[in-house]
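Asks: This is the structure, below, for whatever I ask next.
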Amino acid sequence: MELTGKQLIGRQVRFGTEGTQRAINPATGDEIEPPFGGGSTDDVDTACALASAAFDSYRDISLERRAQFLEAIAQGIIDLGDVLVNRVMAESGLPRPRVEGERARTAGQLRLFASLVREGRFLAATVDHPLPERKPLPRADLRVQKIALGPVAVFGASNFPLAFSVAGGDTASALAAGCPVVAKAHPSHLGTSELVGRAIQAAINEAGLPEGVFSLLIESADRANSNNPVATRLVQHPAIQAVGFTGSRRTGRILVALAAARAVPIPVYAEMSSINPVFVLPAALLARAESIAQGFIESVTLGTGQF
Numbered sequence: 077m078e079l080t081g082k083q084l085i086g087r088q089v090r091f092g093t094e095g096t097q098r099a100i101n102p103a104t105g106d107e108i109e110p111p112f113g114g115g116s117t118d119d120v121d122t123a124c125a126l127a128s129a130a131f132d133s134y135r136d137i138s139l140e141r142r143a144q145f146l147e148a149i150a151q152g153i154i155d156l157g158d159v160l161v162n163r164v165m166a167e168s169g170l171p172r173p174r175v176e177g178e179r180a181r182t183a184g185q186l187r188l189f190a191s192l193v194r195e196g197r198f199l200a201a202t203v204d205h206p207l208p209e210r211k212p213l214p215r216a217d218l219r220v221q222k223i224a225l226g227p228v229a230v231f232g233a234s235n236f237p238l239a240f241s242v243a244g245g246d247t248a249s250a251l252a253a254g255c256p257v258v259a260k261a262h263p264s265h266l267g268t269s270e271l272v273g274r275a276i277q278a279a280i281n282e283a284g285l286p287e288g289v290f291s292l293l294i295e296s297a298d299r300a301n302s303n304n305p306v307a308t309r310l311v312q313h314p315a316i317q318a319v320g321f322t323g324s325r326r327t328g329r330i331l332v333a334l335a336a337a338r339a340v341p342i343p344v345y346a347e348m349s350s351i352n353p354v355f356v357l358p359a360a361l362l363a364r365a366e367s368i369a370q371g372f373i374e375s376v377t378l379g380t381g382q383f
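In this note's numbering, each residue carries its 1-based index in the sequence shown increased by 76.
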């Protein structure tokens, strides 16, 4: 599959007009072709409008059809073969075994959600019948059932280019629940994001689903270093009803603040980085200083520092 550097907005393939950027090989510092065009707030509006238009019809499809769609995405990612593996390695510096393991995890997550969708237990209603004679106060008729929230914005992660990115757990769970997804590619994994996005797009077409079920946006590095107009507009767009984010504490808190400042606040499901303290007690240091140091170094360098 040839990379184009274009955004995937529904069925449209659109080269962004707001600057260009290339992914960088962290092992060499070299730029990787092709250039990717940065999106605009108009692109965000188009993607969100398509997602909103697709919401009702997508959440109403049968559970079996939704499960098959998730499985088709998983198989599409596997079918990309070395084209995907090599691009992930080039953009992340991760070794092949790690990439292949993460690819299997990504496909496994999608298939797991497909099995949960088929079971349908998440749709079970809870009914508490009224107790008008209850003392000291009567109980009303209470009925609860989970329903899809609406379109979800998903931000690709830097440290897991597959399992927590365009088709990662946030996207898989949103699609499983019946929510369209508008994803923003991480700038470190532009080619990886396009390849995976095209696998999702192909699965949508194969399943005959509305085009707005998935879109992939790109923000150019220059704009990302200024005021992040694509990310900001995506979180603030009235069609978006939830945000999935894995990344830095700083960026996560910005997204949370944007979501909370909306006229109707929306949830941000954020897994943000943290600093874990390590305490080395004097007796342990005297007894096994070398092994403690070795373990600490291995923890820092695990996955070329991705953890």
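Glycine included, C-beta positions come from ideal geometry on N, C-alpha and C.
Can you look up Ala-201 in the DSSP assignment and give me helix, strand or coil?
Replies: coil
Asks: Can you check the stretch 138-174 for any alpha helix (DSSP H) of at least 4 residues that lies completely inside it and give the ranges in chain order?
Replies: Taking 4 residues as the minimum length, the alpha helix (DSSP H) runs contained wholly in the stretch 138-174 are 139-155, 157-168, in order along the chain.
Asks: Could you give the DSSP three-state label for Pro-305: helix, strand or coil?
Replies: helix
Asks: Determine, using beta carbons only, whether Ala-150 and Arg-187 come nearer to each other than 8 Å.
Replies: yes
Asks: Just to confirm, are Arg-174 and Gly-371 a CB contact at a threshold of 8 Å?
Replies: no
Asks: I believe Glu-287 touches Leu-160 by the beta-carbon criterion, under 8 Å. Please report the beta-carbon distance rounded to the nearest angstrom.
Replies: Not a contact, Cβ separation roughly 23 Å.
Asks: Indicate whether the contact test is met: 3 or more Cβ pairs, each with one atom in the stretch 222-239 and one in the stretch 83-99, closer than 8 Å.
Replies: no
Asks: Excluding the 5 residues flanking Gly-245 on each side, which residues of the same chain have their C-beta closer than 6 Å to its C-beta?
Replies: Gln-185
Asks: Using DSSP with H/G/I as helix, E/B as strand and the rest coil, what is Phe-321?
Replies: strand
Asks: List the endpoints of the continuous alpha helix (DSSP H) containing Leu-251.
Replies: 245-253
Asks: Alpha carbon to alpha carbon, how far is Ala-363 from Thr-327?
Replies: 41 Å
Asks: Quick check: the Cα distance between Ala-359 and Glu-178, rounded to an integer number of angstroms?
Replies: 39 Å
Asks: Just how far apart, CA to CA, sit Ile-153 and Cys-255?
Replies: 20 Å
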